[in-house]
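**Q** Residue numbers (the working numbering): 2 to 66.
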Amino acid sequence: MQGPREALVAAKVDFRDVSTAAQIEWACEQAEQRLREAFPAVSRVYLDPTPGFAQRRTEGLNPWP
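1) Less than 9 Å separating the beta-carbons of T51 and V14?
2) Could you check what DSSP says for A39 in three-state terms: helix, strand or coil?
3) To the nearest angstrom, how far is it from the Cα of R37 to the Cα of E60?
4) Among P41, Q31, F16, whose alpha-carbon lies nearest the alpha-carbon of R6?
5) Closest to E30 by C-alpha separation, out of R17, M2, G4, V46, would be which residue?
This is the structure we're talking about:
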């Protein structure tokens with residue numbers, strides 16, 4: 002349960018297409034750590050690796066999900 006003095010961070014993140022799963026995991030861990038250090042009220046961090054605009058168009062997907 003989220004309390005009134007807690008913050009939740011949710012973001013869609015476009016990683017380079019050549020990034021490995023391990024690189025993405027490491028980057029997410031680093032981002033979460035830095036967010037919590039800068040903003041102690043952050044209690045939950047949700048990062049959603051997602052294809053960027055150009056990649057979505059290339060793959061024939063709606064570029065505006």
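Every residue gets a Cβ at the ideal spot worked out from N, C-alpha and C, and that includes glycine. For clarity, every value in this text was computed on a predicted model and none was experimentally measured.
**A** A quick look at the data gives this:
1) Position 50 of the sequence shown holds residue 51. Position 13 of the sequence shown holds residue 14. Cβ distance < 9 Å, so T51 and V14 count as in contact.
2) The residue you call residue 39 lines up with position 38 of the sequence shown. If DSSP states are grouped into helix, strand and coil, A39 belongs with the helices.
3) Against the sequence shown, residue 37 aligns to sequence position 36. Against the sequence shown, residue 60 aligns to sequence position 59. Going from the Cα of R37 to the Cα of E60 covers about 35 Å.
4) Numbered from 1 along the sequence shown, position 5 holds the residue referred to as residue 6. Minimum Cα distance to R6 is reached at P41.
5) As a first step, residue 30 must be located in the sequence shown, where it is residue number 29. The shortest Cα separation from E30 among R17, M2, G4, V46 belongs to V46.
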